[in-house]
Amino acid sequence: MRYALVLLLGALVGGALVYFLLANALYARKLPDLPPPHLDEGEDSTVAHITFDERFFNSALETIFKEIGAPTFRLAANGSAPQLIGVQDSACPSQITIMPEGTNTRTFVRLTDGKIAVPLAFVGNYNVFGRCLNFRGSAQTDFQLRFDPTRQILYGQLNVEGVSPEGISPAFAGLITLLVQRALNERVNPIAILHGEQLALDLPVQAAGGSLRARVKDIRAETGDGTLRLNIVYDFNGHRSPVK
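Residue numbering for the sequence shown follows our numbering, starting at 36 and increasing by one per position.
Encoded structure:
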């Protein structure tokens with residue numbers, strides 16, 4: 036449900052909700068290989084800070100489940116990316132659905148120890164040679180943010196750290212774990228969350244006959260104590276209007 040994710044995280048800085056934080060590194064498509072960020076001398080003065088708490092994200096999730104619907108993905112046994120399901124196409128369509136709550140897990144966002152942790156509760160079924168396997172369970176995931184200054188895009192990647200299927204024979208637990216990992220990773224990663232143009236500044240300074248422009252140089256995320264802080268580093272320059 037890639038577009039759901041884009042809506043929810045995009046709300047952090049772009050004014051739109053990311054339509055869900057879904058989405059093991061073994062099967063995930065990787066983020067672009069970017070150099071580690073660093074601060075230049077005097078850069079602190081060009082940084083803007085935006086802070087959000089867990090209540091913001093979890094209120095958004097509650098709204099999505101209540102007013103939009105639960106994200107659903109098709110399970111695929113081959114290497115192809117799973118397809119999003121709009122409606123069930125059989126009595127056992129081989130799919131998982133993210134739920135607000137499960138037996139022992141609640142779907143929510145936790146910001147702690149430098150991580151954006153997103154436990155997911157799910158239910159699903161899988162058709163194995165005409166036999167329908169119904170199951171439920173939970174997945175432990177974390178979400179990473181990285182800004183590509185060349186493309187001017189803030190990327191996100193959700194990594195599945197573990198899957199715990201329930202209500203199914205142990206003989207099929209490994210298969211279901213693999214399918215759920217693929218369904219969450221291959222459909223979602225990487226996610227283009229935000230374009231730098233959405234945060235760029237172009238402020239007219241009419242009295243001086245020009246404008247002040249600011250381009251996003253980097254976006255860095257800090258998490259802890261229930262908050263997420265986005266540090267937006269700007270590169271300022273002046274632009275004089277042409278003389279008429």
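From the three backbone atoms N, C-alpha and C, an ideal C-beta is built for every residue, glycine too.
Environment of residue i [buried if 16+ CB atoms lie within 10 Å]
| i | result |
| --- | --- |
| Phe-271 | exposed |
| Gly-137 | buried |
| Leu-189 | buried |
| Asp-253 | buried |
| Asn-169 | exposed |
Three-state class that DSSP yields for residue i in the structure shown
| i | result |
| --- | --- |
| Gln-130 | strand |
| Thr-212 | helix |
| Ala-51 | Low confidence applies here, because Ala-51 scores a pLDDT of 30, under 50, leaving its location unreliable; read the following figure in that light. In this structure, Ala-51 counts as coil in the three-state DSSP scheme. |
| Asn-194 | strand |
| Ser-94 | helix |
| Asn-272 | strand |
| Arg-222 | coil |
Identity of the residues DSSP links to residue i by a beta bridge
| i | result |
| --- | --- |
| Leu-265 | Ile-85, Ala-256 |
| Lys-150 | Thr-147 |
| Glu-201 | Arg-171 |
| Val-163 | Arg-166 |
| Gln-23 | A question about residue 23 goes unanswered here, because the residues of the chain that appear run from 36 up to 279. |
| Ile-188 | Asp-183, His-230 |
| Glu-136 | Arg-141 |
| Phe-157 | Ile-133, Gly-172 |
| Gly-245 | Val-240, Arg-275 |
| Arg-250 | Asp-270 |
Cα-Cα separation between residue i and residue j, rounded to whole angstroms
| i | j | result |
| --- | --- | --- |
| Pro-128 | Ala-111 | 11 angstroms |
| Gln-216 | Val-195 | 6 angstroms |
| Gln-233 | Glu-102 | 27 angstroms |
| Asp-281 | Ala-227 | Only positions 36 to 279 of the chain appear in this structure, which leaves residue 281 out of reach. |
| Gly-49 | His-230 | Note that Gly-49 scores 35 on pLDDT, short of 50, meaning its location in the model is unreliable; the coordinates nonetheless yield the value given after this. Going from the Cα of Gly-49 to the Cα of His-230 covers about 9 angstroms. |
| Pro-135 | Gly-172 | 12 angstroms |
| Phe-143 | Ala-235 | 31 angstroms |
| Val-158 | Phe-207 | 15 angstroms |
| Leu-219 | Ser-199 | 14 angstroms |
| Val-240 | Pro-277 | 13 angstroms |
| Ala-60 | Pro-225 | Because Ala-60 sits at a pLDDT of 32, beneath the cut-off of 50, its placement in the model cannot be relied upon, and the point is left open. |
| Leu-146 | Phe-92 | 10 angstroms |
| Thr-81 | Gly-244 | 23 angstroms |
| Gln-130 | Leu-238 | 49 angstroms |
| Ile-267 | His-84 | 6 angstroms |
Bounding residues of the beta strand (DSSP E) (the contiguous stretch that carries residue i)
| i | result |
| --- | --- |
| Phe-170 | 166 to 183 |
| Pro-239 | 236 to 240 |
| Arg-141 | Looking at the DSSP string, Arg-141 is not in any beta strand (DSSP E), and its letter there is neither H nor E. |
| Phe-108 | 107 to 109 |
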